[in-house]
Each structure stands twice: as C-alpha cells, then as structure tokens.
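If you read the sequence shown in this note's numbering, its first letter stands for residue 10, the second for the next number, and so on.
Cβ coordinates follow ideal geometry from the N, Cα and C atoms, glycine included.
Let me begin by presenting the structure, written as structure tokens, before commenting on it.
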Amino acid sequence: MADYIEGKHPVIEALRAQMPLRCVLMADNLKRDGQVADILRKANKYNVPVKRVSRKELDAKSERGSHQGVMAEALPFKYASMTDIVKASADHAKENNNAALVIVLDHITDAGNLGAIARSAEVVGASGLIIPNKRSAQVTAATYKSSAGAINHLPVAQVANLTGALDRLKKAGFWVAGASEHAQHTVWEAPLYGKIALVMGNEQEGISRLTLESCDFLVKLPQAGMVGSLNVAQASTAVMYEWLRQVTNNVAEKTE
10 MADYIEGKHP VIEALRAQMP LRCVLMADNL KRDGQVADIL RKANKYNVPV
60 KRVSRKELDA KSERGSHQGV MAEALPFKYA SMTDIVKASA DHAKENNNAA
110 LVIVLDHITD AGNLGAIARS AEVVGASGLI IPNKRSAQVT AATYKSSAGA
160 INHLPVAQVA NLTGALDRLK KAGFWVAGAS EHAQHTVWEA PLYGKIALVM
210 GNEQEGISRL TLESCDFLVK LPQAGMVGSL NVAQASTAVM YEWLRQVTNN
260 VAEKTE
C-alpha cells in the first residue's frame, strides 16, 4: 500500500527533508500561490516528478481529506542489514578510539519518537539504529519529519529477533546497556564509553523480559523532580549524550 503525504506544508517538509518520493500529485485546477511555487521549486531541485491529476483522483487516494490539492507518494524506505550496521560500527571504532554506538529500540510504536531518536543518534555520531520488523514503528513520513531529515544519514536495520541482533553485536565487541528506571546505577556511574549497544524500551512497558536478559547492565537517568520519567525520545537523547561525554573524556585522558 502506497504511503501518501497530504497537504501543501507536509509535502514541502517532505521535500525539504529529502524524503524519497516517487512523485508529487497536484490537482490540475490548483491555483498557484507561494506554497505551490515552493513545492514546484523543491521538486525540481530534488528531481521529483510532478504529475497533474484531477481532484477526484486525489480525493480517492486521500485518507484524511486534507490534501489541499497536493499529495506526494513516498517510496519505500531502504533498510540496512545487520551486516551494514556492524561494518559501519567497525569503521567508526577504528577512527574514534574503539568507540561506537548502536541504538536498539525494543518495540517503539510511535513513528514520531522513532524519528526524534534517529535525529539525536545521528547528531551524536551513532553508527546505526535497530528496530524489530513487527509490532514496531517503521520509517514513514512522520519519521522523516521528526528526524528533520537525519534518517537519511543513519543506517536503520529491521530484524526479526532483537536478542539475535544483540548477540551479533556482542560478538562484534559491544557491551549491551539497557535503559531502565529499575537500574541500580545512573548513567553517570555506568561505563558507557567504548562500543555500546543502547537498548530503549517501549513507551508504556519498557524493555521486554527476553531483551532485558540480553543486556549486560542496566542504566537509569538521575532524577531530582517528582515526574516519573522522560518520554523515550528525551531519555534516549540524554543517555546518548552521556555516551558521547564519556567517550570524549576517555580520549582526552589518554592523550594527556
């Protein structure tokens, strides 16, 4: 089933994020305005075909009835393989004092959270992101939007079995850290430098039992306030930056 982006502004955002698009569909009677001109300009810049169609055809494809005379058909996202993730990690480790980070998401269901996590992962220099191929958010238009296009620059692998993926990462020299509010130690106390696979759990239930058993150690964020926890995207970002801080400090200590 084709994935469509509906409306002028969402289509502009999809083009700006360089989301892979098959084409832009534009009503043949659509009046040209600033947004339409912007869509045509960006479509031309990124070599995305623009097809003129009837409003009746757009209405038939629309799920929300909010297309405003413009829709874009997204191409399927090209997922990486575990081999790609392991290779990218090895390459990163060679150039960064044996440090690499892979994010493993245990059935995160919100595509916006997936995109926000991917954005932070790309910013801190993670080598890849791993998600299950069932009962999990996939890369969609919402992911591109919340990642601000970062998903284009980060390998994302879909796997049938998370524990199998973690075993493969361990064989490649990774330590598996699971984020859990039930952990004994905070991220400040845990050894997060080096090659780390960071497991983040489902928005409501956290890390599943089988995945938890595959973790080498658990970490939690320090807390001073009364709210139970951050959402998964915020928490992921905080832990990722602690990894980056520890890696940076570890390198500095070795060069002194």
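- In this structure LYS229 is buried. Its beta-carbon is surrounded by 16 or more other beta-carbon atoms within 10 angstroms.
- The C-beta separation of LEU207 from LEU110 comes to about 7 Å, placing the pair in contact by the 8 Å criterion.
- When only Cα atoms are considered, ARG128 and GLU66 end up about 35 Å apart.
- Sequence-distant Cβ neighbours of PHE226 in its own chain, meaning closer than 7 Å and more than five residues away, are ALA186, ALA199.
- 9 Å or more divides the Cβ of GLY210 from the Cβ of ALA192.
- Here DSSP, grouped into helix, strand and coil, assigns VAL148 to coil.
- A buried status is given to LEU24, since no fewer than 16 other beta-carbon atoms sit within 10 Å of its beta-carbon.
- In the DSSP assignment, ALA181 falls outside any alpha helix (DSSP H), carrying neither H nor E.
- In the same chain as LYS154, and ignoring 5 residues on each side of it, the C-beta atoms closer than 6 Å to its own belong to GLU22, in chain order.
- The alpha-carbon separation between ARG31 and PRO231 amounts to approximately 45 Å.
- Rounded to the nearest whole angstrom, the C-alpha separation of ALA130 and ASP37 is 41 Å.
- DSSP, reduced to helix, strand and coil, places THR246 within a helical segment of the structure shown.
- Going by C-alpha positions, VAL62 is about 41 Å away from MET91.
- Going by DSSP, ARG25 is part of the alpha helix (DSSP H) stretching over 17-25.
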